[in-house]
Structures are given as C-alpha cells and as structure tokens.
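Trainee:
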Amino acid sequence: MSDIQKDNLTAEDVALSINGHFIKAPQSMSVIQALWHNGYPRVKGVGCLDGVCGSCRVMVRRSNSSELKMALGCQVLVEENMDVFFLSFSAPSHHSYDLSEINTSWDVQTQFHEIFPEAEKCRHCHGCNQACPKDIDVELGIDLAVKGRFRESGELFVECVMCNLCMTGCPEFIDPNHVGLFSRRVTGYFHTRPSNLINRLEAIRMGELDVSIEDDEQLQS
Ligand code: SF4
Ligand code: SF4
Ligand code: FES
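Counted from 1, the sequence shown has number 106 at position 78 by our numbering; the numbering is strictly sequential.
Structure, rendered in structure tokens:
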C-alpha cells in the first residue's frame, strides 16, 4: 500500500484488499459492508447478510500468514492488510434421488451407496473440514453415513448453509454437503413417531378415544 493511500486512513480505519481493490473501512465492518462503503455495489454472491444463506463465499488471507481460509463474507470483519477474494461458482450436485422410491428404512443404506458411490472412497484428507466456514466435522459426517448411521450424520450437518465450499474442496467428488442433506432427509422421512403418540392416534381412528377441542374462551379460563 502506498504512503498516500495510508495517509487517507482515519484512526479507526483499516486498509485491505478485496478482489484486488484497495479498500479502507472501519474495523466494525464485514468485508461486504467494506466493499459497499468504498462504492463497489456488489450484489452477486450476497444474500441474507446473516450467515445463513451460504451465498457470500470468500477466500481470506490474513496479514503475516500464507494460509488461505474459506469463510462467509458477511461474517468476516475487515482486518489490516487482509486479502479477500469473493468466490462465484455454481456447483450443481451430480447426485439425484427420490425418497419415495426407497421402500423401507431397511433399504436406505443400500440406496445410499448406489446414490453416493464415491462416499466410501473418502481419503480422509480433511479438505472438507478445512473448507467449512461453519466448522462442521464434515469428514466424520461422511464416515457415519457410509456406516449407515444417518441420524448421527445428519445431526452434524444441522448448521450447514449449503455454501458448497466442502464440495469444491473434495478430490473424490463426494458432494459432502449433499450426503449431509440426504442423511437429514432420510432421518426425517423414515422417522418412527413415538409409540404412545401412535397408540393414541390409532385409538382415535378406531373411535375408542373421544377427543373434544374446547373453544378458546374455555381454554383461557
Ligand atoms: S458442510 Fe459444506 S456446504 Fe455445509 S456449511 Fe460446511 S462447507 Fe458449506
Ligand atoms: S474432502 Fe472429500 S475425500 Fe477429503 S475428507 Fe472430505 S469427503 Fe473425504
Ligand atoms: S450473505 Fe448469506 S451467508 Fe453471507
């Protein structure tokens, strides 16, 4: 950065590079806000601004580090001498399936290996874990799904925002986030309701249990 550029900074500002642009912005701003603050109206790759839509993927290199980290642009605050690059790519999954074609929960594991044949080839290279801005143990999630432990696998992916960063980092084209989504879907689809609830519903269906819904006034009294 030139001395002239540094002279224009206020005490609270930091100077950094975003997509090759010289940017100065208050430390409280995210890298997206810093772009806007400097007159760059970025819209592509920006959605919720709250860390949930997974659209604003960025690659970040911090000062005095050669390490590149993946992150969500709306969740990263600007830092002095930071380099930030927005990543724009579409990543359609090459896996498709129809849950209604899986007849029973006994068939799920066989179907999983037909839908995701690459999953059992996981190299345990940690690439997906390193790419994940949500710190999900993606690699463990794949391992659990390969072993048929879909409920545990799905629970690991509860905070997944489908940013696809793990997908692009996987050398085996496993689509780890879609394995997580599959695990969550089959867990929900084949979930057995609590037996006491099923018993009550069956009793209602058979006319053995009379249920009357009281009106609001009675409920509130
Ligand atoms: S699991 Fe993959 S898609 Fe989900 S948040 Fe992590 S990197 Fe993004
Ligand atoms: S990036 Fe792919 S191959 Fe590497 S650990 Fe993750 S799922 Fe396995
Ligand atoms: S804009 Fe939605 S996660 Fe950043």
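Just so you know, even glycine gets a beta-carbon here, dropped at the ideal spot from N, CA and C. Since the model is a prediction, treat every value here as computed from it, not as a measurement.
Near Phe201, what residues of its chain come up, given a Cβ to Cβ distance below 6 angstroms and the 5 sequence neighbours on each side ignored?
Mentor: Once the five neighbours on either side are set aside, the close Cβ partners of Phe201 are Glu146.
Trainee: Among the residues of its own chain, which have a CB less than 6 angstroms from the CB of Gln139, if the five just before and after it don't count?
Mentor: Once the five neighbours on either side are set aside, the close Cβ partners of Gln139 are Ile130.
Trainee: Could you please give the first and the last residue of the uninterrupted alpha helix (DSSP H) stretch that includes Phe113?
Mentor: Phe113 -> not in any alpha helix (DSSP H); beta strand (DSSP E) instead, spanning 111–114.
Trainee: Which residues in the same chain as His154 place their Cβ atom closer than 7 angstroms to its Cβ, once the five residues preceding and following it in sequence are excluded?
Mentor: Cβ neighbours of His154 beyond the five flanking positions: Glu167.
Trainee: Between the Cα of Ala159 and the Cα atoms of Cys194, Glu180, Glu187, Val186, which residue gives the shortest distance?
Mentor: Of the listed residues, the one whose Cα sits closest to Ala159 is Cys194.
Trainee: Starting from the Cα of Cys150, find the closest Cα among Val186, Ile170, Val74, Arg90 and give me that residue.
Mentor: Comparing Cα-Cα distances from Cys150 to each of Val186, Ile170, Val74, Arg90, the minimum goes to Ile170.
Trainee: Near Ala99, which residues of its chain fall below 6 angstroms by C-beta distance, leaving aside the five closest residues on each side in sequence?
Mentor: Hits under 6 angstroms: Val86, Val88, Pro161.
Trainee: Within 10 Å of its beta-carbon, does Phe185 have 16 or more other beta-carbons around it, so buried, or fewer, so exposed?
Mentor: With 16 or more Cβ atoms within 10 Å of its Cβ, Phe185 is classed as buried.
Trainee: Quick check on Met234: buried or exposed, where buried means 16 or more other Cβ atoms within 10 Å of its Cβ?
Mentor: Looking at its Cβ environment, which holds fewer than 16 other Cβ atoms inside 10 Å, Met234 is exposed.
Trainee: Are the beta-carbon atoms belonging to Val106 and Val42 less than 8 angstroms from one another?
Mentor: Yes; because the gap between Cβ atoms is below 8 angstroms, this pair is in contact.
Trainee: Return yes when at least one heavy atom of ligand 2 lies under 7 angstroms from the C-beta of Ile170, else no.
Mentor: Yes, the Cβ of Ile170 comes within 7 angstroms of a heavy atom of ligand 2.
Trainee: Determine the direct distance from the alpha carbon of Arg213 to that of Thr123, and round the result to whole angstroms.
Mentor: The question names Thr, yet the displayed sequence has His at residue 123. Approximately 14 angstroms, taken between the alpha carbons.
Trainee: Based on Cα-Cα distance, which residue from Tyr68, Ser128, Arg179 lies nearest to Phe50?
Mentor: Ranking Tyr68, Ser128, Arg179 by Cα distance to Phe50 puts Tyr68 first.
Trainee: Of the choices Asn227, Pro54, Leu127, whose alpha-carbon is the least far from that of Phe218?
Mentor: Of the candidates Asn227, Pro54, Leu127, the one whose C-alpha sits nearest the C-alpha of Phe218 is Leu127.
Trainee: In the DSSP output, what is Ser45 paired with across the bridge?
Mentor: Its beta-bridge partners are Phe50, Asp111.
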